[in-house]
Structure formats: C-alpha cells, structure tokens
Amino acid sequence: GNSVTQMEGPVTLSEEAFLTINCTYTATGYPSLFWYVQYPGEGLQLLLKATKADDKGSNKGFEATYRKETTSFHLEKGSVQVSDSAVYFCALPGSGNTPLVFGKGTRLSVIA
Amino acid sequence: DTEVTQTPKHLVMGMTNKKSLKCEQHMGHRAMYWYKQKAKKPPELMFVYSYEKLSINESVPSRFSPECPNSSLLNLHLHALQPEDSALYLCASSQDLAGGYQETQYFGPGTRLLVL
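What follows is the structure, given as structure tokens:
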C-alpha cells in the first residue's frame, strides 16, 4: 500500500536559516501529496498540497514540488522564523480503506 | 471558510463517566473523520462517515461510539474509558469520498482528553 517516509527530527535552526524537511513516498498511481503543520497545543493545519507531478505547492513562504522521478515532496523555506516552530507531517492518500497515510512527523524548533 | 470546530477544547473525565465530543463544519463536506493522536505521534484514524453513514471503523473499542446526526455534525460518545485513552482527539472533514481519498482533509483544533 501507499506509504511515506519522512525525515525525523528534531530539527533545530537559527532564525533566517534555510529549511529542508525530506519526504519520499511509495504509491500506486499519482496521488495528491500534502504537508500539514501542527503548532504546539493545536490541531493539524493544511500547509500546502500538490495534486500532480511537477506541481509546486506553496504557502506562508514554504514550498514543496511533486517529483515523480524521485518520488519526493520535500518541504523547503528560505528563511525560517521562530513562529515556524511546529511539527510538520507529510501525507498522502492511503490505499484501500486508509484515507491518509502520515509520516512520523518532524519537530522543528527555530531559535532567535 | 475552511473551519472545523470542536468542543470542548479540554476534557477531564473519570473512568465511569459518560461524555461526548462534538465536531462541526459548514463547508458542505460530506465526509467526516475522527482521529486519535498520542504525544509525538501522527494521527491514527478511528472512524469515517460518508453522507452520514459509517464507512470505516478501524477496530475501535466499543467504549467509543460515533454518531453523525446530520451532514454538519459529528459526535464521539465516550463511556468507561481507560487512562490509556488519554490523547488529542481530532475531527476532520473533506468534500466527499467519490474520488477516493484525494480530497483535502481539513482538521479541527482537537479536544485534549485526560482520563483519570
């Protein structure tokens, strides 16, 4: 079935540093791909998504490109802020009766 | 508006109590979900409703009882819970399941449950 492997943290960066969180997937066909973010004490928020190969999702300065050749959907941001401290989940639709398959999550801490 | 609301935000209950969690969305979505999330883990699916009918029950113990009274509301009734049921309970919704699970799921803020 569909699966996702996500770089595990924690990741600690200084403010204004460049961020990459790696995500690779295994899937049948070409599913939509998602990044969700969970700020401390909150639920999950959709950060961005891409629905087909070579699509780039972007939001709040974050970007991820749907790469079919490398089966990847890496999350990037050019200059992180303290307010970006959160847990980031890569996800895709599951196979069979599984609506969403999540990566294990990457905890990002940004220090001033 | 992509908002899913959940009440209460926090809940403390004893093992003999009965309580309910509520979820509401007004996006016209016809698929709704309950997830359970333990600390430092991704969410785990519990139930899926499609057009107010239970579509998936992921072998959840019967002390959790879902209910979908209409297309906007989803409840989770809790009875005789165990301390290990303490977790963040997340509700989500999506347009529908017609295209499989390609539709975006929108999550609520969650109810943080503590069972004593």
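In order, the protein sequence lines correspond to chains A and B. Heads up: the first sequence at position 44 corresponds to 44 in the working numbering, and the numbers run straight through without jumps. If you want the working numbering, it's the 1-based position in the second sequence plus 112. For glycine and all other residues, C-beta sits at the position ideal for the given N, C-alpha and C.
If you draw a straight line from the alpha carbon of lysine 130/B to that of glutamine 38/A, how long is it in whole angstroms?
-> Residue 130/B sits at position 18 when you count from the first residue of the second sequence. Residue 38/A sits at position 38 when you count from the first residue of the first sequence. Going by the C-alpha atoms only, they are around 29 Å apart.
Of all the CB atoms in chain A, is at least one closer than 8 Å to the CB of glycine 220/B?
-> Here the question's residue 220/B lines up with position 108 in the second sequence. Judged by the 8 Å Cβ criterion, glycine 220/B is in contact with chain A.
Would leucine 108/A be called buried (16 or more neighbouring beta carbons within 10 Å of its own) or exposed?
-> The residue you call residue 108/A lines up with position 108 of the first sequence. The residue is buried, with at least 16 neighbouring Cβ atoms inside 10 Å.
Could you work out which residues of chain A lie near tyrosine 145/B, taking near to mean beta carbons separated by less than 8 Å?
-> One-based indexing of the second sequence puts residue 145/B at position 33. Correct list: Pro99.
From alanine 91/A to tyrosine 66/A, what does the alpha carbon distance come to, in whole angstroms?
-> Here residue 91/A refers to the residue found at position 91 of the first sequence. Here residue 66/A refers to the residue found at position 66 of the first sequence. Their backbone Cα atoms lie some 12 Å apart in a straight line.
Counted within 10 angstroms of its Cβ, other Cβ atoms place proline 31/A as buried (16 or more) or exposed | Taking the first residue of the first sequence as position 1, residue 31/A is located at position 31. Result: buried.
Where the stretch 41–60 of chain A meets chain B: residues whose CB sits under 9 Å from a CB there = Shown in chain order are the members of the stretch 41–60 of chain A whose Cβ falls below 9 Å from a Cβ of chain B: Gly41, Glu42, Gly43, Leu44, Gln45, Leu46, Lys49 and Thr51.
Quick one: residues in its chain with C-beta nearer than 6 Å to the C-beta of leucine 133/B, no 5 flanking neighbours on either side, listed in chain order?
-> Numbered from its first residue, the second sequence carries residue 133/B at position 21. So the list reads Leu188, Tyr201 and Thr223, once near-sequence residues are dropped.
Using 8 Å as the limit for Cβ to Cβ distance, is glutamine 217/B near chain A?
-> Position 105 of the second sequence, counted from the first residue, corresponds to residue 217/B. Yes, glutamine 217/B counts as interfacial toward chain A.
Kindly indicate which residue of Asp208/B, Gln149/B, Gly126/B and Glu215/B has the alpha-carbon position closest to the one of proline 221/B.
-> Looking up residue 221/B in the second sequence gives position 109. Of the candidates Asp208/B, Gln149/B, Gly126/B and Glu215/B, the residue whose Cα lies closest to the Cα of proline 221/B is Gln149/B.
Alpha-carbon to alpha-carbon, glutamate 164/B and asparagine 182/B = Locating residue 182/B in the second sequence gives position 70, where the first residue counts as 1. Locating residue 164/B in the second sequence gives position 52, where the first residue counts as 1. Straight-line Cα distance between these residues: approximately 6 Å.
Same chain, Cβ closer than 6 Å to serine 205/B, five either side skipped, listed in chain order = Indexing the second sequence from 1 puts residue 205/B at position 93. Within the same chain, serine 205/B has close Cβ partners Val116, Gln137, His141, Met144 and Tyr218.
Buried/exposed call for valine 160/B, threshold 16 Cβ in 10 Å | On the second sequence, position 48 is the one that residue 160/B refers to. Note on valine 160/B: 16 or more other CB atoms within 10 angstroms of its CB, so buried under the neighbour-count rule.
Closer than 8 Å by beta-carbon distance: list the chain B residues that pair up with phenylalanine 102/A, in chain order.
-> For this step, residue 102/A is matched to residue 102 along the first sequence. Those are Pro154 and Pro155, listed as they occur along chain B.
Could you spell out the range, first to last residue, of the beta strand (DSSP E) harbouring valine 107/A?
-> Here residue 107/A refers to the residue found at position 107 when the first sequence is read from its first residue. According to the sequence displayed, residue 107/A carries arginine and not valine. Segment 106–111, the beta strand (DSSP E) holding arginine 107/A.
Looking only at C-alpha atoms, which of Ser171/B, Leu186/B and Ile168/B sits nearest to threonine 119/B?
-> Along the second sequence, read from residue 1 onward, the residue named residue 119/B stands at position 7. Just measuring C-alpha positions, the residue of Ser171/B, Leu186/B and Ile168/B sitting nearest threonine 119/B is Leu186/B.
CA nearest to the CA of methionine 139/B, picked from Leu226/B, Thr216/B and Val227/B = In the second sequence, the residue the question calls residue 139/B occupies position 27. In terms of Cα proximity to methionine 139/B, the closest of Leu226/B, Thr216/B and Val227/B is Thr216/B.
Amino acids of chain B, ordered along the chain, whose beta-carbon sits closer than 8 Å to that of glycine 105/A | In the first sequence, residue 105/A corresponds to position 105, counting from 1. One finds Lys152, Lys153 and Pro154 in chain B with Cβ atoms closer than 8 Å to the Cβ of glycine 105/A, taken in chain order.
In the DSSP assignment, what are the bridge partners of leucine 100/A?
-> As a working mapping, residue 100/A is identified with position 100 in the first sequence. The partner list for leucine 100/A (beta bridge, DSSP) is empty, contrary to what the question assumes.
Assigned secondary structure, valine 82/A (DSSP; H/G/I helix, E/B strand, else coil) | Mapped onto the first sequence, residue 82/A falls at position 82. Valine 82/A: helix per DSSP, three-state reduction.
Just checking my contact of glycine 57/A with alanine 50/A at CB under 8 Å: how many whole Å lie between their CB atoms?
-> To locate residue 57/A, count along the first sequence from 1; it is residue 57. To locate residue 50/A, count along the first sequence from 1; it is residue 50. Indeed, because the Cβ distance is near 4 Å, the residues count as touching under 8 Å.
How many angstroms separate the CA atom of isoleucine 21/A from the CA atom of glycine 1/A?
-> Residue mapping note: residue 21/A aligns to position 21 of the first sequence, counting from 1. Residue mapping note: residue 1/A aligns to position 1 of the first sequence, counting from 1. Using only the alpha carbons, I get a separation of about 23 Å.
Phenylalanine 34/A: contacting residues in chain B (beta-carbon distance under 9 Å) | Against the first sequence, residue 34/A aligns to sequence position 34. Correct list: Thr216 and Gln217.
Pick helix, strand or coil for proline 173/B, following the three-state DSSP scheme.
-> For the purposes of this step, residue 173/B is taken as residue 61 along the second sequence, with counting starting at 1. If DSSP states are grouped into helix, strand and coil, proline 173/B belongs with coil.
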